[in-house]
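Numbering (the numbering used here), first residue to last: 9 to 132. We put the beta carbon where it would ideally sit given N, CA and C, even for glycine.
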Amino acid sequence: GVETAQLRGCPSTEGTARPAPNCFSSTVPKPTGSDQLYYVAPFAYAGKDAAQAMKELVAVAMVYTPGQAKIDAGGWKIVKQTDKYLYIQFESGGIGYIDDMEFMLDDAKQLVLLRSASRTGFLD
């Protein structure tokens, strides 16, 4: 969830400083080398206010069809939505793993920050 008005970073892989391979985030400093695989650049929403950006983000989420490549065949749901924060849970089909997807609007920079992480598992 949100910690001090920003998204949490990715947990490190046990015994290393590398991010866990089941977490992607735009809220940590952009890494170098192979750790770039876990960094996702934020999305810009220039020319819009935060309310319009959130409305469009929710609209995109609402048309997402579960089960793409059978990864999230258990469906998804919006758990929390505020004027600058959106939290969605995805469930893998048959396994029951939950993935948390969070979006936060940075109105000053007009960016959508995001974080996606699996609660359990290592590579899922």
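Which residues in the same chain as residue i place their Cβ atom closer than 7 Å to its Cβ, once the five residues preceding and following it in sequence are excluded?
| i | result |
| --- | --- |
| L113 | A58, A61, M62, K92 and V120 |
| K88 | Y95 |
| L65 | L94, F111 and V120 |
Determine the closest residue to residue i out of the options, with distance taken between C-alpha atoms.
| i | options | result |
| --- | --- | --- |
| Q76 | R123, E99 and L15 | E99 |
| G101 | T90, G82, L94 and I86 | G82 |
| K117 | A54, R16 and G17 | A54 |
| A48 | F111, T128 and Y105 | Residue identity check: residue 48 is Val in the sequence provided, not Ala. When each option's Cα is compared against that of V48, the closest is F111. |
When we look at the beta-carbon of residue i and count the other beta-carbons within 10 Å, is it buried (16 or more) or exposed?
| i | result |
| --- | --- |
| M109 | buried |
| D107 | buried |
| S35 | The amino acid occupying residue 35 in the given sequence is Thr; Ser does not appear at that position. The residue is buried, with at least 16 neighbouring Cβ atoms inside 10 Å. |
| D80 | buried |
Which same chain residues end up closer than 6 Å to residue i when comparing Cβ atoms and leaving out the 5 residues on each side of it in sequence?
| i | result |
| --- | --- |
| A125 | C31 and D108 |
| D115 | A58 |
Going by the beta-carbon positions, is the gap between residue i and residue j smaller than 8 Å?
| i | j | result |
| --- | --- | --- |
| Y72 | W84 | yes |
| I86 | A69 | yes |
| P50 | L122 | yes |
Any C-beta of chain B sitting closer than 8 Å to the C-beta of residue i?
| i | result |
| --- | --- |
| P50 | In the displayed structure, chain B is absent; only one protein chain is listed. |
Excluding the five sequence neighbours on either side, which residues of its own chain have a C-beta within less than 8 Å of the C-beta of residue i, listed in chain order?
| i | result |
| --- | --- |
| Q14 | T35, M112 and L121 |
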